[in-house]
Amino acid sequence: MSTVPSGCGRLEGELVELALGTLSGTQRATVLAHVQGCARCREEVERLSSVADAVLATAPEAEPPPGFELRLFERMGLSRPRHRWAPRRRAARVTLALGVVAGALGAGLGAGLSAASGGPAALAAPIAADLTAQHSIRGEVYLAAGSPGWLFMSVQGVGVTGLVTCKVRSTDGKTATVGNFWIQGGAGSWAYELPVPAAQVRSAWIASGGVVLASAKLNG
Amino acid sequence: MTELSDEALLAGMAIGDETAAIAFVRRYQRRVYGLALSIVGERRAAEDVAQDALLRVWRHAQVFDPRRGAAAVWVLAITRNLAIDAIRVRRPTPLDPASFLSLGSASDEGVPDEAAETIDRAPEIREALATLPPEQRRAVMLAVVHGLTAADVSERESIPLGTAKTRIRTGLQRLRRALEAQVRFP
Ligand SMILES: [Zn+2]
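Chain order of the listed sequences is R and C. In the working numbering, each residue carries its 1-based index in the first sequence increased by 21. In the working numbering, each residue carries its 1-based index in the second sequence increased by 1.
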């Protein structure tokens, strides 16, 4: 690397402005060129940035105007009201499970599957099992065969709010992660692509922080 | 189970989880709106900025990198930048930063518990800010919060450019020393 044209001392003020993002284009390019080749100045800029971030975090809070949230959620495209999973007869739930899979396909998540199989209507009958914890039913798991296969899971009453990991174990004893899902108030439902063929899944479970919350035996 | 961290909520948002998005908005809307309001100084414009900022967080949650800093820093920086853009369009001179400098707790209702962790350095910074000479504090706030260049600060405060630069730099360096005495920087 070539020697820097300006000494570090002459750049002190510019380093501050670089950290604050207030340099104009040309100045910024000049100072950046120096900083990229100078560890001392780079560190200085990082420290000044940290201070600026901390100052910004002292901003006062204020109550947004009425309707702020609703307008925002609408712009974010969030569905509302959020309907909770209501237990029904199994047949109805299988239909719903496939409906969710179809929805996911419609959203472009499984283009390969819909092209190969002529759409979700051509999916094989799903494999279903109860999801249990301590011998109580906590929801259901459905597997839909296909390439890829799909997993649908609904959970309630597992007593956590947060991200949980869903995993499956296949006939060869290997474990694979299906995905990370959100549970609110102990309940949630999802559909995701299976990382292994549906027919090979022997069990599925959700865990949080290494603790298994509920599990299901399948194909057995 | 304990409340999810900001970072976990952002991870949820990155995979399109609406529940995570709702929780994140509810946790941050008062801070985002408060920052926007203290920069743009007008409720209608502050709402636009706050909405745009939270919308941006939702759409770009997957680019958030927790190794590069706290979620709060990221969200507030997005808000600040949008607010600065808004006032550049709307008016040449920003609001007086005095509102931002009121050193007490900003809201009567206080900070929700789940947000407390992410801003736990705010009291230390407020304390450190309070020890700065007023002209240094003003210069720092104008530069950091309102995005003014040293030249802008010099014009606004009717001081030479060199003085403006010195005030900003010295103010930041003092804050840094005050913070480093309290918590070591990573
Ligand atoms: Zn240097």
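Cβ atoms here follow ideal geometry from the backbone N, Cα and C, with glycine treated the same way.
Discussion item. Buried or exposed, going by whether 16 or more other CB atoms sit within 10 Å of the CB of C:E19?
Written reply: buried
Worksheet item: Is the Cβ-Cβ distance between R:S229 and R:K238 less than 7 Å?
Response: no
Worksheet item: Three-state secondary structure (DSSP) at R:F89?
Response: helix
Discussion item. So C:W75 and C:M14 are supposed to be a Cβ contact under 8 Å. How far apart are they, rounded?
Written reply: Not really, about 12 Å apart at Cβ, beyond 8 Å.
Discussion item. Give me the chain C residues within the contact set of R:A60, using Cβ-Cβ distance strictly less than 8 Å, ordered along the chain.
Written reply: None at all; the shortest Cβ gap to chain C is about 16 Å.
Item to complete: Run down chain C in chain order and give the residues with a C-beta less than 7 Å from the C-beta of R:E38.
Response: T150 and A151
Worksheet item: What does R:V232 touch in chain B if you count any residue whose Cβ is under 7 Å from its own?
Response: In the structure shown, chain B cannot be found, because the protein chains are R and C.
Worksheet item: Is the beta carbon of R:L152 sitting closer than 7 Å to the one on R:E161?
Response: yes
Item to complete: Output, in chain order, the set of chain C residues within a Cβ distance shorter than 8 Å of R:F89.
Response: Q30, Y34, E48, A51 and Q52
Worksheet item: How long is the line joining the alpha carbons of C:A165 and C:A152, rounded to whole angstroms?
Response: 7 Å
Practice prompt. At 7 Å on the CB atoms, spell out the chain R contacts of C:V145, in chain order.
Written response: L41, A73, V76 and L77
Discussion item. Looking at chain C, is there any beta carbon in it that lies within less than 7 Å of the beta carbon of R:R31?
Written reply: no
Item to complete: Compute the minimum distance between the beta carbon of R:R31 and the heavy atoms of ligand 1, and state whether it is under 6 Å.
Response: no
Discussion item. Based on DSSP bridge pairs, tell me the residues matched to R:W226.
Written reply: R:K188 and R:S236
Item to complete: Taking all protein chains shown into account, decide if R:S71 is buried (16 or more other Cβ within 10 angstroms of its Cβ) or exposed.
Response: buried
Discussion item. At a threshold of 6 Å, does R:R49 count as lining ligand 1 (C-beta to nearest heavy atom)?
Written reply: no
Worksheet item: Taking one C-beta from the stretch 76-89 of chain R and one from the stretch 48-63 of chain R each time, how about it: are there three or more such pairs within less than 8 Å?
Response: no
Item to complete: Compare the C-beta of R:Q48 against all C-beta atoms of chain C and say whether one is closer than 7 Å.
Response: no
Worksheet item: Which term fits C:E118, buried or exposed, when burial requires 16 or more other beta carbons within 10 angstroms of its beta carbon?
Response: For C:E118, the predicted model reports a pLDDT of 37, less than 50, meaning its position is unreliable; a value from the coordinates is still stated below. Counting Cβ neighbours within 10 Å, C:E118 comes out exposed, since fewer than 16 surround it.
Discussion item. At the level of alpha carbons, what is the spacing between C:D86 and R:H156?
Written reply: 58 Å
Worksheet item: Of all Cβ atoms in chain R, is any one closer than 7 Å to the Cβ of C:L133?
Response: no
Worksheet entry | Buried versus exposed call for C:Q52 [16 or more other C-beta atoms within 10 Å across all chains shown] | buried
Discussion item. Rounding to the nearest angstrom, what Cα-Cα distance links R:V176 and R:Q205 in this structure?
Written reply: 10 Å
Worksheet item: Alpha carbon to alpha carbon, how far is C:E8 from C:A37?
Response: 22 Å
Practice prompt. With a threshold of 6 Å, establish whether the CB of R:C187 neighbours any heavy atom of ligand 1.
Written response: no
Worksheet item: If you count every other CB in all the chains shown that lies within 10 Å of the CB of C:S155, and 16 or more means buried, which is it?
Response: buried
Practice prompt. Specify the secondary structure class of R:A80 as computed by DSSP and reduced to three states.
Written response: coil
Practice prompt. Mind checking who R:S210 pairs with in its DSSP beta bridge?
Written response: R:S175
Practice prompt. Verify the contact flag: C:R175, CB atom, against every heavy atom of ligand 1, threshold strictly below 6 Å.
Written response: no
Practice prompt. Anything in chain R within Cβ reach of C:L176, meaning under 8 Å, just list it in chain order.
Written response: V72, A75 and V76
Worksheet item: What are the start and end residues of the alpha helix (DSSP H) that includes C:R28?
Response: E19 to V41
Worksheet item: Between which two residues does the beta strand (DSSP E) harbouring R:E160 extend?
Response: According to the sequence as given, residue 160 of chain R is Gly; it is not Glu. That run of the beta strand (DSSP E) goes S157 to A165.
Item to complete: Answer yes if the stretch 19-34 of chain C comes into contact with the stretch 211-221 of chain R, meaning at least three C-beta pairs across the two stretches below 8 Å, and no otherwise.
Response: no
Item to complete: Count the other C-beta atoms from every protein chain shown that fall within 10 angstroms of the C-beta of R:T43, then say buried if there are 16 or more, exposed otherwise.
Response: buried
Worksheet item: Short check: CB of C:A54 to CB of C:L83, under 7 Å?
Response: yes
Worksheet item: Comparing the C-beta of C:V13 with each C-beta of chain R, is any distance below 7 Å?
Response: Looking at the sequence shown, residue 13 of chain C is not Val but Gly. It does: the Cβ of C:G13 has a partner Cβ on chain R nearer than 7 Å.
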